[in-house]
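When you line the sequence shown up against the working numbering, it's residues 6 to 249, in that order.
Here a beta-carbon is modelled for each residue, glycine too, at the ideal position from N, C-alpha and C.
The structure appears below as structure tokens.
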Amino acid sequence: MDVTEATFQTAVIDRSSTVPVVVDFWAEWCGPCRQLGPVIERAVAARAGKVELAKIDTDANPGLARTYGIQSIPAVKAFKDGKVAAEFVGAQPPAAIERFLDSLVPSEADELVVNGDEASLRRALELEPSRADAAVPLAQILFDRGDTDEALTLLEGVPGTFAADGLKARIALQDLTEPELSSAFEALDAGDTARALELLLTALPNSDGSREDVRKVIVGILDGLAVDDPLARESRRKLAAALY
């Protein structure tokens, strides 16, 4: 698809919120551009709509070339959500093009994790056994229905992950009868994250032998929140105060 300064916003910036758009900056007089063009076109076509290709003639569209700092061609920039996500300069061999595109297109495991159901998560782990973003939600599903041993086995396979450590700690605490912990877990299961964190932070100073597990549960919850989430910022402050 040939793109101009007039169509760039719609064809590249807006479109990249739905599918990655690879932009090939080229010119007719550029020999390496003519070598790269067919290679990248075939590689994009092979991905059957999972990525799109836009071609920009830098001679005909100097404004775009200036905007994106094009000093040498061919130059390739991949856009996702309106921003440059990856790029390279110069003609590249087919294997390098394949790797470049693979980095933009979700893998089968990526798509299965997004589905989020038990069968999809199990298949994702078959494809990529160390994926914490598949193991943790699958372990949560298993824990919720009482398959605690299998849940723990899955979590042991993703060590050093805050979310996994938090769920393991939650499982370790499940049989305690402390009212605040019980209420915290009820709130957490109901989706009331703010209430769950409030109760866990309140319980932390008096948790005695379970203090470290409570801390891990809190950290695991915070790991699932955005860094700039006000609840996350305030809870981290309270956690630091309670620990130190």
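Taking the Cα of Val26 as reference, the smallest distance to any Cα among Asp86, Ala208 and Ala80 is reached at Asp86. In this chain, Asp152 is not harboured by any alpha helix (DSSP H), its DSSP state being neither H nor E. As the crow flies, the alpha-carbon of Pro210 is around 14 angstroms from that of Ser240.
Within the region 181-219, the runs of alpha helix (DSSP H) at least 4 residues long that lie entirely inside it are, in chain order, 184-194 and 198-208.
The criterion of a C-beta distance shorter than 7 angstroms is not satisfied by Ser212 and Val222. Proximity of the region 63-82 to the region 117-137 falls short of the contact definition, fewer than three beta-carbon pairs being nearer than 8 angstroms.
Judged by DSSP secondary structure, Leu58 falls within the beta strand (DSSP E) whose first and last residues are Glu57 to Asp62.
With respect to the 7 angstroms criterion, Pro37 and Ala101 are not classified as neighbours on the basis of their beta carbons. Burial check for Val118: the Cβ neighbour count within 10 Å reaches 16 or more, so the residue is buried. Cβ-Cβ separation between Ala140 and Ala169: approximately 7 angstroms, consistent with a contact (criterion under 8 angstroms).
Within the same chain, Cβ atoms closer than 6 angstroms to the Cβ of Asp138 are found at Val118, the five residues on either side in sequence being excluded.
Rounded to the nearest whole angstrom, the C-alpha separation of Glu103 and Ala32 is 23 angstroms.
Just so you know, the alpha carbons of Asp197 and Glu57 end up roughly 40 angstroms apart. With a beta-carbon spacing of about 6 angstroms, Leu126 and Pro142 fall inside the 8 angstroms limit used to define contacts.
Under the 10 Å beta carbon count, Arg136 is surrounded by 16 or more other beta carbons and is classified as buried.
Rounded to whole angstroms, the separation of the alpha carbons of Leu178 and Ser188 is 12 angstroms. If you compare the alpha carbons of Thr166, Ile176 and Leu236 with that of Thr153, the shortest gap goes to Ile176.
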